[in-house]
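Please read the structure below before turning to the comments.
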Ligand SMILES: [Zn+2]
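Numbering (this note's numbering), first residue to last: 1 to 314.
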């Protein structure tokens, strides 16, 4: 690796591998490794899928949801309402789109739900295991999914949840997208975004979203807006939710339960945390635990500004 630049705003970064590098211009955190995002992510997801058979999956959903409901009521009611309203708008847009595509559909749960609701939606994923599994489970929708990142026809809406932060080359993703979206097409992204100010490297060590090596960029909204603008997208709606689960998982990291880095679910059991009493205490302490990131949903319009094309737009 020679010159390293911020993936969001192209500002030069110091060089370094296998740690987060903060951009002094937009504040985004960039992660580079010798292996590249695809193989790093595959290594994690393969290990995870290989492990689930052995992991005891007793769940603590009931405690968790009771605490989450209190957290939302006391600390995050307004934020939650705004976030939910935007998710509803996103769903309406997907259902109304002439052709929509979900890039990186993963388990396919959302894809299936939206297809059942009548969306003209296709699903793309880089993992052929995801495509095969979806076809096996939902043979009626077998023709709706394919391997890759690009549909062979113009689309009106592209939806991508929990994918963008895994990419080494968001520029490639956006170039592809700009080429397939119809005029005034829409991009919908869901991803974790840095909302805390003055983030230090020490603080990232106990933050679940600073997930090495899988999260290649934690964007700030400023950085994300600059990146999208370079490819002709303007953010027209966004809403953040400081998800309680991030606080719980951060509290677990602070308390030394490192297994949560692999489990990545605030109510699944993990090594070392057997006692329900300890777990309940963690849930309460999580109310007051810092999180550096929020879950963010954004709608970005392509070609929304009608400025004249200049030499910079090439
Ligand atoms: Zn930057």
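We treat Cβ as the ideally placed atom computed from N, Cα and C, and that holds for glycine.
From a predicted model like this one, the values you see are computed outputs, not experimental measurements.
Tell me the DSSP secondary structure of residue i in three-state form.
| i | result |
| --- | --- |
| residue 18 | coil |
| residue 147 | strand |
| residue 72 | helix |
| residue 23 | coil |
| residue 176 | helix |
| residue 41 | helix |
| residue 11 | coil |
| residue 67 | helix |
| residue 189 | strand |
| residue 156 | strand |
| residue 267 | coil |
| residue 208 | coil |
Could you check whether residue j and residue i sit closer than 8 Å to each other, using their CB atoms as the reference points?
| i | j | result |
| --- | --- | --- |
| residue 28 | residue 218 | yes |
| residue 206 | residue 253 | yes |
| residue 26 | residue 42 | no |
| residue 147 | residue 158 | no |
| residue 215 | residue 31 | yes |
| residue 221 | residue 199 | no |
| residue 287 | residue 75 | yes |
| residue 71 | residue 279 | no |
| residue 6 | residue 223 | yes |
| residue 154 | residue 40 | no |
| residue 292 | residue 176 | no |
| residue 294 | residue 204 | no |
| residue 83 | residue 297 | yes |
Leaving out five residues on either side along the sequence, give the residues of the same chain with a beta carbon under 8 Å from the beta carbon of residue i.
| i | result |
| --- | --- |
| residue 162 | 104, 106, 190, 191 |
| residue 299 | 86, 89, 90, 93, 186, 187, 188, 235, 236, 237, 238 |
| residue 95 | 114, 117, 118, 119 |
| residue 36 | 168 |
| residue 4 | 12, 13, 14, 15, 16, 21, 30, 32 |
In its own chain, which residues sit with a C-beta less than 7 Å from the C-beta of residue i, not counting the 5 before and 5 after it?
| i | result |
| --- | --- |
| residue 282 | 248, 251, 252, 255 |
| residue 52 | Since pLDDT at residue 52 reaches only 47, below the 50 mark, its modelled position is unreliable, and no value is offered. |
| residue 138 | 112 |
| residue 271 | 259 |
Spatial neighbours of residue i within its chain, please: C-beta separation below 6 Å, excluding the five flanking residues on both sides.
| i | result |
| --- | --- |
| residue 262 | none |
| residue 78 | none |
| residue 302 | 181, 185, 232, 233 |
| residue 145 | 123, 131, 134 |
| residue 267 | 59, 60, 61, 64 |
| residue 317 | Because residue 317 is not part of the residues shown, which for the chain are 1 to 314, the question remains open. |
| residue 174 | 231 |
| residue 11 | 23, 25 |
Residue i: which of the options sits nearest, CA to CA?
| i | options | result |
| --- | --- | --- |
| residue 120 | 98, 246, 110 | 98 |
| residue 33 | 101, 226, 23, 19 | 19 |
| residue 109 | 141, 153, 82, 83 | 141 |
| residue 178 | 164, 82, 7, 156 | 156 |
| residue 38 | 101, 274, 169, 69 | 169 |
Which ranges would you report for the beta strand (DSSP E) in the stretch 99-151 if only whole runs of at least 3 residues count?
Listed in chain order, the complete beta strand (DSSP E) runs (minimum 3 residues) inside the stretch 99-151 are 100-103, 121-125, 145-147.
* Where in the stretch 210-265 do unbroken runs of the beta strand (DSSP E), each at least 3 residues long, occur, reported from the N-terminal end onward? -> Inside the stretch 210-265, DSSP marks whole beta strand (DSSP E) runs of 3 or more residues at positions 217-220, 233-241, from first to last along the chain.
Contiguous alpha helix (DSSP H) assignments of at least 4 residues, all confined to the stretch 270-297: For the stretch 270-297, whole alpha helix (DSSP H) runs of length 4 or above, ordered along the chain, are 276-285.
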